[in-house]
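Trainee:
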Amino acid sequence: MEPHTCLTLVFFVLVNLAVGVLSTDDYSRHDFPVDFVFGSGTSAYQVEGAANEDGRTPSIWDTFAHAGFARGGNGDVACDTYHRYKEDVQLMVETGLDAYRFSISWSRLIPNGRGPINPKGLQYYNNLINELIRNGIQPHVTLHNYDLPQALEDEYGGWLSREVIKDFTNYADVCFREFGDRVKYWTTVNEPNIFAVGSYDQGISPPQRCSPPFCLIESTKGNSTFEPYLVVHHILLAHSSAVRLYRRKYREEQNGFVGISLYTFGSVPQTNTEKDRAACQRLRDFYLGWIMEPLLHGDYPYSMKANAGTRIPAFTSRESKQVKGSYDFVGIIHYMKFNVTDNSDVLNTELRDFSADAAAKLLGLEEVLGENEYPFTPWALGQVLDTFKTLYGNPPIFIHENGQRTLSNASLHDESRLKYLHGYIGAVLDSLRNGSNMKGYFVWSFMDAFELLDGYESIYGLYYVDRNDPELRRYPKLSAKWYSQFLKGLEEVLGENEYPFTPWALGQVLDTFKTLYGNPPIFIHENGQRTLSNASLHDESRLKYLHGYIGAVLDSLRNGSNMKGYFVWSFMDAFELLDGYESIYGLYYVDRNDPELRRYPKLSAKWYAQFLKGTRSSLVGAIELNNDSSLVSVGHLLQ
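Note that the sequence shown covers residues -23 to -1, 1 to 616 in mature numbering (1 follows the signal peptide of the UniProt record, and there is no 0).
1) Mapping the DSSP letters down to three states, classify residue 579 as helix, strand or coil.
2) Indicate the three-state DSSP secondary structure (helix, strand or coil) for residue 421 in the structure shown.
3) Compute the beta-carbon to beta-carbon distance between residue 239 and residue 168, rounded to the nearest angstrom, for a pair I have assumed lies under 8 Å.
4) Please identify the residue among 538, 181, 326 whose C-alpha is closest to the C-alpha of residue 431.
5) Opposite residue 319 in the DSSP bridges: which residues?
6) Three-state secondary structure (DSSP) at residue 167?
7) With distance defined between alpha-carbon atoms, name the residue in 583, 116, 92 nearest to residue 103.
8) Rounded to the nearest angstrom, what separates residue 143 and residue 65 at their Cα positions?
9) Alpha carbon to alpha carbon, what distance is there between residue 519 and residue 152?
10) Is residue 553 a contact residue of the ligand NAD, with contact defined as CB to any heavy atom under 6 Å?
11) In chain order, which continuous runs of the alpha helix (DSSP H) of length 4 or greater are located wholly inside the stretch 464 to 513?
12) Just to confirm my understanding: we take residue 113, look at its own chain, exclude 5 residues before and 5 after, and list those with CB closer than 8 Å. What are they?
13) Taking a contact to mean a Cβ-Cβ separation below 7 Å, would you say residue 321 touches residue 19 in this structure?
14) Can you tell me the Cβ-Cβ gap for residue 146 and residue 218, rounded? I've got them flagged as a contact below 8 Å.
15) So what does DSSP say about residue 218, is it helix, strand or coil?
16) What is the rounded straight-line gap between the Cα of residue 36 and the Cα of residue 85?
17) Tell me the rounded alpha-carbon separation between residue 496 and residue 490.
18) Three or more beta-carbon pairs under 8 Å between the stretch 522 to 530 and the stretch 476 to 489, yes or no?
19) Out of curiosity, what's the CA-to-CA distance linking residue 395 and residue 544?
20) Rounded to whole angstroms, what is the Cα-Cα separation between residue 453 and residue 353?
21) Between the C-alpha atoms of residue 124 and residue 174, what's the straight-line distance to the nearest angstrom?
22) Got a sec? Which residues, its chain only, sit under 6 Å from residue 241 by beta carbon, not counting five neighbours each side?
23) Below 8 Å on the Cβ atoms is my contact criterion, and I expect residue 573 with residue 561 to pass it. Report the Cβ-Cβ distance as a whole number of Å.
24) What did DSSP end up calling residue 435 once you bin it into helix, strand or coil?
25) Compute the Euclidean distance between the alpha carbons of residue 134 and residue 390, then round it to the nearest angstrom.
26) For the 8 Å Cβ check, are there 3 or more pairs between the stretch 259 to 271 and the stretch 180 to 198?
27) Less than 7 Å between the C-beta atoms of residue 397 and residue 405, yes or no?
28) Taking contact to mean 3 or more Cβ pairs, one atom from each stretch, closer than 8 Å, check whether the stretch 432 to 441 and the stretch 375 to 386 are in contact.
29) Do residue 617 and residue 260 have their C-beta atoms within less than 7 Å of each other?
30) Three or more C-beta pairs under 8 Å: does that hold for the stretch 225 to 235 against the stretch 154 to 169?
31) Which of the three DSSP states, helix, strand or coil, is assigned to residue 624?
32) Write down the C-beta distance between residue 340 and residue 258 rounded to the nearest angstrom, noting that I regard them as a contact closer than 8 Å.
33) In chain order, what residues of the same chain lie with their CB nearer than 8 Å to the CB of residue 209, ignoring the 5 residues before and after it?
34) What runs of the beta strand (DSSP E), each 3 residues or longer, lie entirely inside the stretch 86 to 164?
35) Evaluate residue 129 with the Cβ neighbour count: other Cβ atoms within 10 Å of its Cβ, from every protein chain shown; 16 or more gives buried, anything less gives exposed.
36) Is it buried or exposed, residue 386, if we count other Cβ atoms within 10 angstroms and call 16 or more buried?
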């Protein structure tokens, strides 16, 4: 064997927070304003389940999914939060969320879209809101998230009719009246820009209206040339009507805020030509200005009116005044960026839809519509936020959705999601420092949900939902553990709390030594779990910690790390330097009230002894070990 200097590796838990390996910028929760809100979100049809219970009637998404258009999935059961909301709120508490964003099912609260309130639906949302408030979590509520009552679609065509303005305003009135004493943040409509394009131009989502040659499906109903514009026009009028109602009737007493959420994406000219740069600007007008210009100025962007002509409705003077200024904040939904190229030649054709009017092509769209993970481009979120700051009056902004998509069979060890969240939250911090008026950030999604067009084939959740388990048990992914650690701040590590359980971080460090520092012989000289000195001999958390980290050692050995040994810290409860005797790490308890200072084995000592003696059985009993770990023995390590 060649002579080497043997490297001692002391693995202290602060290494867990050294996520600079994942991103060039490091930050903590304390870098954000004290009143900045961090949360996560879901929507009614995607998680509630109980689709046919307690008086709820179908929405357009029920009809669509049961026709087989959502990759065979539907929201009949979903995550069953209708029955499991208390369990889920406790997970939110454990994660450390400040706020939870969810939507109300219009057809659960008012089954036919208008008329009597469903008492069971009212009770459910009161129960959920009360449970959140009781646990210190802010409810952020969306009124419409794609799921228009099917009854209104059948009766008058839903958002195609001005009738919907009155019905939506009455629905909002019920929500403000019944829940507004506890809900301070209301979003009227989620993603009206994408809803209109997907549902009334391309026809890929309900109610599947489009006209050839613009359809992406076979359809015999709809008109892609003007229906998307008409739908957004009615949404803006319904939104502004609800805002006006709230300000007139409820604001003085409830002191809440009402906004709207927009789908956004970064855009980059495919080339540095004037044509491609102009195409990016048009695309911004068509996707963001479509909503923001009326909210700011009372009218649509000039480029939209010039290209769409009479196909885009005109606001009356009264409507313009009503829409202008009808927001207290803007919600942003952001996942990715597109390269953009000019397509202005299409303006020479007589028959055009929304996309043709924009005269710009989105490149890489198939990557987004497929099952791939989103490209990692945090700067694109910063670009969008800068656009709102410089062009749209720097309104108060909540990032309402941001997250990484993976396939449903992905591991709980979702490193790509962790990397994504870390990078994008860093971009939020950069934008805050550059003057963006942001108020909060919500990860999409809190748990793996029914992902609309993707059904259950793609997932975004911090928590995995086991759909093969009748109890639909939830399990935290690596991203959930990281987000929780971030939200709880560094003081959790520097204080007297137990260290977060992140064995992957040890593997990350060992891989760094292997790839960057010549893979030297390594001994893990210290690794262990801290507990308070009054902790029980039944130290389950230490047992779980050691089991997980020794498992990480084995994984690294199998991946080529040149490790030579592992030492638990500490053999017995000792004087712990800065902590004195208030924190302990030992396998053996030392009775300091006994003149003989007798030692007593803890549960972790008994497990470690069994492991060292080559016994595959464990004393963990009912302890639930990490799902990614399996019991290991000395024999495995020697092999």
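Quick reminder that beta carbons are idealized off the backbone N, C-alpha and C, glycines included. These numbers were taken from a predicted model, which means no experiment stands behind them.
Mentor: Once the coordinates are examined:
1) In the structure shown, residue 579 sits in coil (DSSP, three-state: anything other than H, G, I, E or B).
2) When DSSP states are grouped into helix, strand and coil, residue 421 belongs to the strand group.
3) The Cβ separation is near 7 Å, so the contact holds.
4) Answer by Cα proximity: 181.
5) Under DSSP, residue 319 takes part in a beta bridge, and its partners are 337.
6) Strand, per DSSP.
7) Looking at the Cα atoms, 116 is the closest of the given residues.
8) Rounded to whole angstroms, residue 143 to residue 65 spans 34 Å at the Cα level.
9) Whole-angstrom Cα-Cα distance: 47 Å.
10) This structure lacks the ligand NAD; in fact it carries no ligand of any kind.
11) Correct list: 468 to 471, 480 to 493.
12) 70, listed in sequence order.
13) In this structure, residue 19 does not lie closer than 7 Å to residue 321 by Cβ.
14) Confirmed, about 4 Å.
15) Note: residue 218 maps to helix in three-state DSSP.
16) Taking the Cα positions, residue 36 is about 9 Å away from residue 85.
17) When rounded, the distance between both Cα atoms is 6 Å.
18) Enough Cβ pairs lie closer than 8 Å, so yes.
19) C-alpha separation (whole angstroms): 29 Å.
20) Near 23 Å, if we compare the C-alpha coordinates of residue 353 and residue 453.
21) Per the coordinates, the alpha-carbon of residue 124 lies some 16 Å from the alpha-carbon of residue 174.
22) Here residue 241 has 309, 311, 361 as same chain residues with Cβ atoms under 6 Å from its own Cβ, once five neighbours each way along the sequence are excluded.
23) Between residue 561 and residue 573 the Cβ distance is about 19 Å, and since that is not below 8 Å, they are no contact.
24) In the three-state reduction of the DSSP assignment, residue 435 falls in the strand class.
25) Between residue 134 and residue 390, the C-alpha separation is close to 45 Å.
26) Flag = no, the stretch 259 to 271 and the stretch 180 to 198 do not touch.
27) Against a cut-off of 7 Å, the Cβ pair of residue 405 and residue 397 comes out as no contact.
28) Verdict: yes, contact present.
29) This structure cannot speak to residue 617, because the chain is shown only from -23 to 616.
30) Put simply, the stretch 225 to 235 touches the stretch 154 to 169. At least three CB pairs are less than 8 Å apart.
31) With the chain represented from -23 up to 616, any question about residue 624 goes unanswered, as that position is not in the structure.
32) Wrong, their Cβ atoms sit about 16 Å apart, outside the cutoff.
33) Answer for residue 209: 169, 170, 173, 267, 268, listed in chain order.
34) You should have 115 to 121.
35) With 16 or more Cβ atoms within 10 Å of its Cβ, residue 129 is classed as buried.
36) By the 10 Å Cβ count, residue 386 comes out exposed.
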